[in-house]
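Below you'll find the structure, written out as structure tokens, and then a few comments.
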Amino acid sequence: MSTKWNVQQSRELYNITHWSGGYFDADEQGRLIVRPHSEAVGVDLYTLAQTLNQQGLSLPVLVRFMNVLRHRVDTLCYAFSAAISEKKYSGRYTAVYPIKVNQNQSVVKEILQHGETRVGLEAGSKPELLAVLALSRQSGGIVICNGYKDREYVRLALIGLRLGMRIYIVVEKCSELELVLEESRKLNIRPLVGMRVRLASIGAGKWQNTGGEKAKFGLSADQALKMVQRLHRQHQ
1 MSTKWNVQQS RELYNITHWS GGYFDADEQG RLIVRPHSEA VGVDLYTLAQ TLNQQGLSLP
61 VLVRFMNVLR HRVDTLCYAF SAAISEKKYS GRYTAVYPIK VNQNQSVVKE ILQHGETRVG
121 LEAGSKPELL AVLALSRQSG GIVICNGYKD REYVRLALIG LRLGMRIYIV VEKCSELELV
181 LEESRKLNIR PLVGMRVRLA SIGAGKWQNT GGEKAKFGLS ADQALKMVQR LHRQHQ
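For the sequence shown, the residue numbers in my numbering are 1 to 236.
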């Protein structure tokens, strides 16, 4: 004898609770719905697809729910703000969106406009930096430059700094610092320099090999100290 199928069984079969983050669910008809505000009334995606088809659009279509982006930005920033307050941390937190995740202009602009000063952008290459410079706030917008840095990449970052953006060049090797200092002297710009420091201990999990003295990326404690001393000598 077959048992009557219900919505809860659908949720369990497709593991909706695990991956949805509260933004997606199944309604009583078994249709997938999206809740842009996590707890708000859901939008029936099946009905939405039918409506779009009736309006002359051919499927498949890409539908973006900007409210989900806004809610994720707020959730992330609030989590760090609460932790900072609880632990009485003296620093501040800025969320940085990696442009490689999604370069779509409407997505990036929505994140920046809603996040305002709480959100910056991250570039990992010269092409990504070109996109970031076009999308970032021209006055005070935070940009983090990671990845391999050749002379053109560093020069482009420094030009963005001159335009009024707060562009931090994250140094992973001592040779990168010398390149940054050399180009900044040519352009007569005082650079904003960050450091990627290698963890001394090895953790557990998927990224455990990124830590420890033999890790591929980042500066050792000794290299970081020497870099700070080098910057002091240059009055940076």
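Ideal placement from N, C-alpha and C gives every residue a C-beta, glycine not left out. This one's a predicted model, so the numbers in the text were calculated from it and none came from an experiment.
For residue i, the first and last residue of its enclosing beta strand (DSSP E)
i: Met-165; result: Per DSSP, Met-165 belongs to no beta strand (DSSP E) and is neither H nor E.
i: Phe-24; result: 24 to 26
i: Glu-122; result: 119 to 123
i: Leu-112; result: From DSSP, Leu-112 is part of no beta strand (DSSP E) but of the alpha helix (DSSP H) over 105 to 115.
i: Leu-62; result: Here Leu-62 belongs to no beta strand (DSSP E), and DSSP marks it neither H nor E.
i: Tyr-97; result: 95 to 98
i: Ile-33; result: 32 to 34
Beta-carbon proximity check, residue i vs residue j, cutoff 7 Å
i: His-37; j: Val-73; result: no
i: Ser-10; j: Gly-42; result: no
i: Leu-225; j: Leu-187; result: no
i: Ala-134; j: Ile-99; result: no
i: Leu-112; j: Val-119; result: yes
Nearest to residue i (by Cα), restricted to the options the options
i: Gln-103; options: Asp-44, Leu-130 and Lys-87; result: Leu-130
i: Arg-240; options: Leu-181, Gly-140 and Leu-179; result: Missing from the structure shown is residue 240; the chain here goes from 1 to 236 and no further.
i: Pro-127; options: Arg-137, Val-108, Gly-147 and Lys-109; result: Gly-147
i: Leu-45; options: Arg-137, Ser-136 and Val-63; result: Val-63
Burial state of residue i (16 or more Cβ within 10 Å)
i: Ile-142; result: buried
i: Lys-216; result: exposed
i: Arg-198; result: buried
i: Cys-174; result: exposed
i: Arg-233; result: exposed
i: Lys-149; result: buried
i: Ile-144; result: buried
The alpha helix (DSSP H) enclosing residue i, as first and last residue numbers
i: Ile-202; result: Counting along the chain, Ile-202 falls outside any alpha helix (DSSP H), and DSSP gives it neither H nor E.
i: Leu-129; result: 126 to 135
Exercise. Does the segment 164 to 171 come close enough to the segment 182 to 195 to have 3 or more Cβ pairs within less than 8 Å?
Worked result: yes
Exercise. If you pair each beta-carbon of the segment 146 to 162 with each one of the segment 173 to 184, do three or more pairs fall below 8 Å?
Worked result: In the pairwise beta carbon analysis, the segment 146 to 162 is classified as touching the segment 173 to 184: at least three pairs are separated by under 8 Å.
Exercise. Does the segment 58 to 72 come within contact of the segment 89 to 96, defined as at least 3 CB pairs closer than 8 Å?
Worked result: Touching, no, given that fewer than three Cβ pairs across the two stretches are closer than 8 Å.
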